[in-house]
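Enquirer: Handing you this structure, nothing more for now.
Protein chains in written order, with the numbering used here: chain A, 1 to 411; chain B, 1 to 411.
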């Protein structure tokens, strides 16, 4: 998508993702669909690498998702592989799609001396076109795996993304420093339900799959599951957390071990950073929007109300038009199907209270709202006045560019 | 909205709505917001007129909705009034909004010799601005009610509508012919939940409120509740059915009386016609889309799956781009949260089967799909292959004009 404008929220540079003990990788041009760019990434974890993951809750998942769900539960003595291609999602491609998954896994298993059934596969791109696995398999034997290459990996898995997405953090477990590296892709069809398009986080920490899975489950709610670009939940969402075990810290048997406090913080930081990069690269974005909900009857209710506002086309177009149209926010709160009382609802944009007690706030001036809405980053705050439930969700506006990208391009 | 393009699906002319025994009406220019056009409609039913209604399920309804819900249950010996203004929705306007409702009802009650508490009120336009009731009350004493004027009424209640919407039908009850006239408005913020923006159906039939309400409840599902423009449920949705009782047919005590068969058919026809006119005047529409769902586990499940497809921005932009992108339809089926099995799902556009058995149909040619998508009216058919549940929903595409209308105009 060389003619696509870079998101105004793209980071100035790709962050430093240092080599991680226990992991090697490579990318290649397999020519699945795109020409002149990489579209294949192979990540190898050393024997004993533990893998946790969450996948799309869409009821029509892709063949790679079916395969990878099973592969999570396979124990193996050999290396642990992740194979990702862009250009086709290999979703709803019937037997040809299932055959392609098997051929890819077996081809990789032979070259990289891994167990096929333990390999994590992911494909991203157009739905309904089977992957030509031979294009990937042909590359495997030509690839040399290195400890470095995270930015190249982030580029290889892009589709409509306007820039590669990465994040890194370090944490202490006991006295030992471990590192987490994460990459992600995603720009449209983003309303993750358990995970987003594709995101991979690797660490040299020495943690079991059970601990990793618990950590991941606890963090996915306030990060990937709190962003939405267009309310459309992908068929391919995958978030993996891999741990090579190369770090020599103390033994950890539970996700709630106090020694993991700093690691939990670092994992949250990486997941949050990646999920923010995805929504900030939302298709056609001109404004980044944070919606903070408080006073709901529960956190879950607050989340659904926030998502109802974040997904409302009328709210999103008003923001694109720099219109502090809080009437549409009232509408979106009221249609969420959650407890709400008109006369207890308060609404702010940035520092300005717009509405309270079932009417426009006496102190509010339209000129204040108009000035605030010219900012690139908009914060909407809602208080339901009913209870203690809160949530924060993140979205973007709905612009002409979203229509251009999705009416003119089969993604 | 004089600069707004007329919907390509607008009827060529407004249908003939004949005078109805027992009803008189008038319109006026009250100057609530618009200049040089009517914005006020008064409808009067003779003493004994029965009224049934359904209102928005939005949890933040307008003050006129609160008032009118109560007014439905008031019995009165005097005439029955409906007062509608455009230009402001009088929603979320606090005490000033409630005061405006009372002032309007009391003003009308004095002039038209009705009981204030039995008057049906509705306001449509921007949210968050209180109605200046004096502008309406000033007009009441200047208005002369006539038996004719349905088209003028349909024009007076328009906001972003590009044309007035009306429908008429006759039905036999026993040997007596009765007439039903209906008008409606609505173009954006259309995802009715019990009713749509504003719709009024009047008849000279002699039916009790209980019978009218049962008839209305039975018909609102497959008509107004089966359309969506933008997934946003208004705070002002109102659908009223009024019967003057002027016709001299036999006594009817139940909605399921066999003598009402033809009336039920006529009521369905009028409601269906009006609801179709609303979605076909959807903001920015370039294509009208019918989504037929079969094989779901229940009718309710089929309806939710149809709505998930109808509200998907990615499906709607693909249709705008004339792209038979059935992969996005698969995605939207799968995200609906309803039972679905990828490998049992079949998808057609028009006569062409696109996908079946979890893969693209062998017979499908992209050129067939591309040719079909150039049509103005698109039919998408889905079979879940799970059960007997079915539903049909109606929507429009998502175009640049929708963004123009809603990013540039505070509606």
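Virtual Cβ for every residue (Gly too), placed ideally from N, Cα, C.
#1: What did DSSP end up calling residue 189 (chain B) once you bin it into helix, strand or coil?
#2: Among B:400, B:10, B:82, B:295, which residue has its Cα nearest to the Cα of residue 316 (chain B)?
#3: Check residue 163 (chain A) in the structure and name its three-state DSSP category.
#4: What residue does the beta strand (DSSP E) around residue 381 (chain A) start on, and which one ends it?
#5: Give me, in chain order, the residues of the same chain whose beta-carbon lies closer than 8 Å to that of residue 11 (chain A); leave out the 5 immediate sequence neighbours on both sides.
#6: Name the chain B residues that come within less than 8 Å of residue 70 (chain A), Cβ to Cβ?
#7: Using a Cβ-Cβ cut-off of 8 Å (strictly less than) and excluding sequence neighbours within five positions of residue 170 (chain B), which residues of its own chain qualify?
#8: Using a Cβ-Cβ cutoff of 7 Å, what residues of the stretch 45-59 of chain B are near chain A? List them in chain order.
#9: Any C-beta of chain A within less than 8 Å: which residues of the stretch 354-370 of chain B qualify?
#10: Against chain A, does residue 352 (chain B) count as a neighbour if the rule is that its beta carbon must be under 8 Å from one of theirs?
#11: Which chain A residues sit within Cβ distance under 7 Å of residue 92 (chain B)?
#12: May I ask you to report which of helix, strand or coil DSSP gives residue 386 (chain A)?
#13: Please look up how many angstroms separate the CB atoms of residue 115 (chain B) and residue 109 (chain B), rounded, as I've assumed it's under 8 Å.
#14: Considering Cα atoms alone, identify which of B:150, B:144, B:65 is closest to residue 111 (chain B).
#15: Could you tell me the distance, in whole angstroms, from the CA atom of residue 325 (chain A) to the CA atom of residue 370 (chain A)?
#16: Given a threshold of 16 other Cβ atoms within 10 Å of its Cβ, counted over all protein chains shown, does residue 13 (chain B) qualify as buried or as exposed?
#17: Apart from the five residues just before and just after residue 248 (chain A), which ones in its own chain have a Cβ nearer than 8 Å to its Cβ?
#18: Determine, for residue 302 (chain B), whether the minimum Cβ-Cβ distance to residues of chain A falls below 8 Å.
#19: Taking only the alpha-carbon atoms, compute the straight-line gap between residue 65 (chain A) and residue 71 (chain A) and give it to the nearest angstrom.
#20: For residue 404 (chain B) and residue 332 (chain A), what's the separation of their Cα atoms in angstroms?
#21: Quick check: the Cα distance between residue 232 (chain B) and residue 191 (chain B), rounded to an integer number of angstroms?
#22: In chain order, what residues of the same chain have a beta carbon less than 6 Å from the beta carbon of residue 342 (chain A), not counting five sequence neighbours either side?
#23: Residues in its own chain within less than 8 Å of residue 439 (chain A) by CB, not counting five upstream and five downstream?
#24: Going by the CB atoms, is the gap between residue 48 (chain B) and residue 245 (chain B) shorter than 8 Å?
#25: Counting beta carbon pairs with one atom in the stretch 343-354 of chain A and one in the stretch 364-381 of chain A, are three or more of them shorter than 8 Å?
#26: Measuring straight from C-alpha to C-alpha, what distance separates residue 9 (chain A) and residue 268 (chain B)?
#27: Near residue 301 (chain A), what residues of its chain come up, given a Cβ to Cβ distance below 7 Å and the 5 sequence neighbours on each side ignored?
#28: Note down, in chain order, all residues in the stretch 290-319 of chain A with a beta-carbon under 7 Å from any beta-carbon belonging to chain B.
#29: Can you tell me the Cβ-Cβ gap for residue 184 (chain B) and residue 242 (chain B), rounded? I've got them flagged as a contact below 8 Å.
#30: Taking its Cβ as the centre, do 16 or more other Cβ atoms sit within 10 Å of residue 141 (chain B), making it buried, or is it exposed?
#31: If you measure from the beta carbon of residue 335 (chain A) to each beta carbon in chain B, is any gap under 8 Å?
#32: Of the choices B:397, B:362, B:204, whose alpha-carbon is the least far from that of residue 319 (chain B)?
#33: Using 8 Å as the limit for Cβ to Cβ distance, is residue 2 (chain A) near chain B?
#34: Could you spell out where the alpha helix (DSSP H) holding residue 366 (chain B) opens and where it closes?
#35: With 8 Å set as the bound, which would you pick, yes or no: does the beta-carbon of residue 232 (chain A) sit closer than that to a beta-carbon of chain B?
#36: What's the C-alpha gap between residue 304 (chain B) and residue 271 (chain B)?
Expert: Taking the definition as stated:
#1: coil
#2: B:400
#3: coil
#4: 377-383
#5: 163, 277
#6: None at all; the shortest Cβ gap to chain B is about 16 Å.
#7: 177, 178, 179, 180, 266
#8: 58, 59
#9: 355, 357, 358, 359, 360
#10: no
#11: 327, 330, 342, 355, 358, 359
#12: coil
#13: 6 Å
#14: B:144
#15: 10 Å
#16: exposed
#17: 176, 206
#18: no
#19: 10 Å
#20: 20 Å
#21: 5 Å
#22: 358
#23: For residue 439 (chain A) there is no data in the structure shown, the boundaries of chain A being 1 and 411.
#24: yes
#25: yes
#26: 51 Å
#27: 338, 339, 389
#28: 312, 313, 314, 317, 318
#29: So it is not a contact: roughly 14 Å between Cβ atoms.
#30: exposed
#31: yes
#32: B:397
#33: Note that residue 2 (chain A) scores a pLDDT of 39, beneath 50, so its modelled location is shaky; the value from the coordinates is reported in the next line. So no, residue 2 (chain A) is outside the interface.
#34: 366-372
#35: yes
#36: 21 Å
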